[in-house]
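Working notes, beginning with the structure itself.
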Amino acid sequence: MTPALDLLKKARAEHRIHSYEHDPKAASYGLEAAEKLGLEPAQVFKTLLAASEKGELLVAVVPVAGSLDLKGLAHAAGVKKVEMAAPAAAQRSTGYLLGGISPLGQKKRLRTFIDSSAQPLPTIFVSAGRRGLEVELAPSVLAEHTGAKFADIGRV
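The working numbering puts the first residue of the sequence shown at 1273, with every later residue one more than the last.
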């Protein structure tokens, strides 16, 4: 079990766990998950961390097939500017290793933003806290358990 799955289980939140054999040589962990689980990349989301000009870490959940729109995230967070967080800071703050960062069950609760493309989908897949482990849940359930807001933060 991971902290993400522990959180969902404790909250009795509806979710399903999916695992696959992770290839350490995979170029993109998110696209690997979509491919190995036979999913549309638009339904699989990656968790990224960005830092504001004041050093506040922000969590961004965007489709694996696209990228994070830094200006969109800054606007959503009400800050002037954001840049990708240093990998060491992301790992220290979340308690997860890169490629397995889940938006759920992080060591420190950070402001979280989910790309609005997730909202109309019945379920989405996000990392369950380990490479090769995904959790499927409704976007509203993810937002509820992370305190997230939906915003236009993804770029295709």
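The beta-carbon is built from N, C-alpha and C at its ideal position, and this holds for glycine as well.
Sequence-distant partners of L1321 (beyond 5 residues in either direction) whose C-beta falls short of 8 Å from its own C-beta, in its chain, are L1329, L1330, V1331, A1332, M1356, A1357, A1361, A1362, S1365, T1366, I1373 and L1382.
With respect to the 7 Å criterion, G1377 and A1276 are classified as neighbours on the basis of their beta carbons. Taking C-beta atoms as the reference points, S1388 and F1422 count as a pair closer than 7 Å. Taking the Cα positions, R1288 is about 9 Å away from F1397. In this structure, T1319 sits near P1375, with a CB-CB distance shorter than 7 Å. Between L1342 and V1334, the CB-CB gap reaches or exceeds 7 Å.
Of all alpha-carbon atoms in Y1292, L1409 and F1385, the one lying nearest the alpha-carbon of A1420 is that of F1385.
Going by DSSP, V1331 is part of the beta strand (DSSP E) stretching over L1329 to P1335.
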